[in-house]
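First up is the structure itself, then whatever we jot down about it.
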């Protein structure tokens with residue numbers, strides 16, 4: 124494995140790439156010999172892989188050091204040219220779909236490649252390039268806003284740093300951290316509101332130019348939601364209200380009792396114990412100990428983790444000049460995953476590391492399987508609701524091996540908080556999804572409607588505690604911190620849909636993780652419904668399934684809570 128910094132970055136010339144691709148695609152359209160046709164396909168896909176890798180490499184470098192002027196400039200270039208590069212490959216997709224060799228190609232390319240091409244053709248057009256460039260520019264503004272520093276304890280600190288104190292055992296320290304973050308967002312309300320309104324307007328214009336009513340329907344194609352639509356998602360959200368929210372209300376009562384409180388406040392969110400689970404290790408030491416845990420799980424997982432750390436494909440240590448979220452990218456030429464994040468120096472760092480390593484190891488398994496096929500960069504990730512199955516599955520699998528990171532009581536607390544967070548995140552995820560659906564489908568949307576819509580849904584999903592008590596929350600500004608809403612619209616319900624499959628993989632990996640490897644290797648080749656049917660996973664669109672899963676999660680929480688009460 125070469126070091127991450129040894130990857131040779133270049134700004135790819137759009138003009139030269141256009142000339143080369145036009146030549147190759149013209150030859151492809153005229154080619155009768157199947158083997159030559161395949162050779163041309165591989166060359167075109169190789170060019171696409173190089174474009175994807177260079178763009179992703181610049182993005183990763185920019186996320187890891189937001190003040191690096193070179194990669195800031197490179198991202199300005201890619202924000203303008205990446206939509207144009209994407210269009211260069213549309214004639215290739217058309218050639219594939221119309222080729223007389225298509226039947227033979229299906230033996231060498233996964234079926235999902237052809238599904239993806241069909242969807243890609245529906246959302247590609249010269250008419251939207253300028254709008255996509257504007258969208259990229261607006262998203263960059265959100266990143267710029269998010270890297271602002273806040274005065275905290277007489278020092279300028281990043282939001283990521285301050286958020287680490289939001290689960291402190293001292294209630295006043297928690298309040299101070301929450302207030303610092305909320306104060307910042309409140310002073311920036313107009314900027315965040317206007318930015319989101321501009322994004323909604325721009326994205327809806329993109330959708331309408333392509334013949335969609337609005338971005339909601341467009342998103343089904345962009346996110347490759349094969350074989351299901353918003354009717355299915357509506358049902359799923361109703362099942363969460365019906366079966367998961369009552370469980371959340373029950374855990375809220377436990378939380379009040381555990382914290383000896385009459386009333387929970389916004390700064391009690393995510394805190395269940397007077398003393399939350401405390402890590403034995405932090406920073407680099409924590410990563411070293413997590414490696415030991417992964418050694419117990421599987422030698423391939425630990426080997427990948429070790430090599431990624433020592434070659435800088437994992438960068439999770441806390442710095443002020445990094446993005447505040449965690450993400451896993453996949454480099455399509457180097458064929459390796461890259462993890463970027465910003466530790467908060469609390470127990471959630473363990474969960475974050477496991478989550479991103481789930482993505483990374485799935486892509487590692489897939490990269491081996493992909494050698495048997497011709498795989499386009501269009502399949503560099505599974506569909507998102509499938510991708511998140513593996514991140515959550517790794518959180519659950521590794522939970523059983525993380526006892527070395529805590530003392531005995533704190534380890535049980537960590538396990539409890541893992542399941543507790545999983546349960547309590549489901550209504551919030553549905554809230555975010557319905558929020559986006561409403562604001563993008565409202566033809567008469569005004570800026571002031573955005574926060575009003577958020578507050579209406581806070582009531583519907585019974586999340587008042589975390590959305591009241593501070594003027595930023597009372598006026599509907601909680602969502603500013605949710606980067607997906609600005610950067611990855613409609614990629615959020617995936618976290619809820621995936622949790623059911625993650626539980627199934629966890630069940631099948633108690634002795635070893637062969638099942639994780641088996642499904643992870645082919646994850647990009649399947650649609651979501653196909654995958655859960657093929658591997659007999661719970662169907663989140665089935666009411667009985669959601670009811671049974673809620674009962675199971677409730678029993679796990681009761682068992683862990685009893686263990687803690689008996690200690």
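In the numbering used here, the protein residues as written are 124 to 690.
Heads up, the beta-carbon is just placed ideally off N, CA and C, and yes, glycines get one too.
Computed from a predicted model, the values in this text were never measured in an experiment.
How should residue 153 be labelled, buried or exposed, when 16 other C-beta atoms within 10 angstroms of its C-beta is the threshold for buried?
Per the 10 Å Cβ criterion, exposed.
With burial defined as no fewer than 16 other Cβ atoms inside 10 Å of the residue's Cβ, what is the status of residue 673: buried or exposed?
So residue 673 ends up on the buried side.
Assuming residue 501 and residue 239 form a contact by the criterion Cβ under 8 angstroms, report the distance between their Cβ atoms to the nearest whole angstrom.
About 5 angstroms; that satisfies the 8 angstroms criterion.
From which residue to which residue does the beta strand (DSSP E) around residue 463 run?
Residues 459-463.
Should residue 449 go down as buried or exposed, given a rule of 16 or more other Cβ atoms within 10 Å for buried?
Result: buried.
Do the region 409-426 and the region 611-621 make contact, defined as three or more Cβ pairs closer than 8 angstroms?
Segments in contact, no.
Suppose the cutoff is 6 angstroms on Cβ atoms and the five residues either side in sequence are ignored; what does the same chain contact list for residue 168 look like?
So the list reads 499, once near-sequence residues are dropped.
Here's a check: name, in chain order, each residue in its chain whose Cβ is nearer than 7 angstroms to the Cβ of residue 150, leaving out the five neighbours to either side.
Same-chain partners within the cutoff: 163.
Got a sec? Which residues, its chain only, sit under 6 angstroms from residue 188 by beta carbon, not counting five neighbours each side?
The residues are 444.
For residue 218, which residues in the same chain have their Cβ closer than 7 angstroms to its Cβ, ignoring the five residues on either side in sequence?
Same-chain partners within the cutoff: 148, 151, 152.
Grouping DSSP H, G and I as helix and E and B as strand, with all else coil, what is residue 274?
In this structure, residue 274 counts as strand in the three-state DSSP scheme.
Quick one, which of 439, 669, 520, 615 has its alpha-carbon nearest residue 631's?
Taking only the C-alpha atoms, the option nearest residue 631 is 520.
Starting from residue 279, follow its DSSP beta bridges and name the residues at the other end.
In the DSSP output, where bridge partners are listed per residue, residue 279 has 274.
Taking residue 488 as the reference, which of 645, 199, 246, 202 has the closest Cα?
Among 645, 199, 246, 202, the Cα nearest to that of residue 488 is on 645.
Measuring only the C-alpha atoms, how far is residue 367 from residue 546?
C-alpha separation (whole angstroms): 7 angstroms.
On the three-pair Cβ rule with 8 angstroms, is the region 466-479 touching the region 295-302?
Short answer: they don't touch.
With 16 as the cutoff for other CB atoms within 10 Å, does residue 221 come out buried or exposed?
Answer is exposed; the Cβ neighbour count stays below 16.
Look at the Cβ atom of residue 214, then the Cβ atom of residue 252, and state whether they are nearer than 7 angstroms.
Not a contact, by the Cβ cut-off of 7 angstroms.
Straight-line CA distance for residue 390 to residue 305?
One C-alpha to the other measures close to 11 angstroms.
Answer with buried or exposed for residue 640, where buried requires no fewer than 16 other C-beta atoms within 10 angstroms of its C-beta.
When all chains shown are included, residue 640 counts as buried.
As an exercise, report each continuous alpha helix (DSSP H) stretch of at least 4 residues that is fully enclosed by the region 569-650, in chain order.
Taking only runs of at least 4 residues, the alpha helix (DSSP H) segments lying wholly in the region 569-650 are 570-583, 594-597, 606-610, 616-630, 637-645.
I'd like the ranges of any alpha helix (DSSP H) spanning at least 4 consecutive residues and lying wholly in the region 245-325.
Those alpha helix (DSSP H) runs which fall completely within the region 245-325 and span 4+ residues are 252-269, 282-286, 294-310.
If you reduce the DSSP assignment to three classes, tell me which class residue 170 lands in.
If DSSP states are grouped into helix, strand and coil, residue 170 belongs with the helices.
Could you spell out the range, first to last residue, of the beta strand (DSSP E) harbouring residue 450?
450-454 is the extent of the beta strand (DSSP E) around residue 450.
Quick one: give me the first and last residue of the alpha helix (DSSP H) that residue 497 is part of.
No alpha helix (DSSP H) holds residue 497; DSSP gives it neither H nor E.
In whole angstroms, what separates the C-alpha of residue 318 from that of residue 394?
Whole-angstrom Cα-Cα distance: 32 angstroms.
What's the call for residue 271, buried or exposed, on a 16-neighbour Cβ count within 10 Å?
Exposed, because fewer than 16 other Cβ atoms sit within 10 Å of the Cβ of residue 271.
Express the C-alpha separation of residue 653 and residue 659 in angstroms, rounding to a whole number.
Each residue's Cα considered, the two are about 10 angstroms apart.
Would you call residue 407 buried or exposed, if buried means 16 or more other Cβ atoms sit within 10 Å of its Cβ?
It is exposed - the Cβ of residue 407 has fewer than 16 other Cβ atoms within 10 Å.
Work out the CA separation of residue 186 and residue 269 for me, nearest whole Å.
Rounded to the nearest angstrom, the two C-alpha atoms are 11 angstroms apart.
Determine which residues share a DSSP beta bridge with residue 437 and list them.
Answer by DSSP bridge pairing, in chain order: 462.
Beta-carbon separation of residue 362 and residue 581 under 7 angstroms?
Contact flag unset, no.
Would you mind stating whether residue 461 and residue 183 have Cβ atoms separated by less than 7 angstroms?
Going by C-beta atoms, residue 461 is nearer than 7 angstroms to residue 183.
Tell me which same chain residues have a C-beta within less than 6 angstroms of the C-beta of residue 508, skipping the five on either side of it?
So the qualifying residues of the chain are 617, 620, 621, 651.
Please list the segments of the alpha helix (DSSP H) lying wholly inside the region 466-531, counting only runs of 4 or more residues, in order along the chain.
Qualifying alpha helix (DSSP H) stretches, in chain order: 471-492, 507-522.
Identify whether residue 677 lies in helix, strand or coil by the three-state DSSP scheme.
Three-state result, residue 677: helix.
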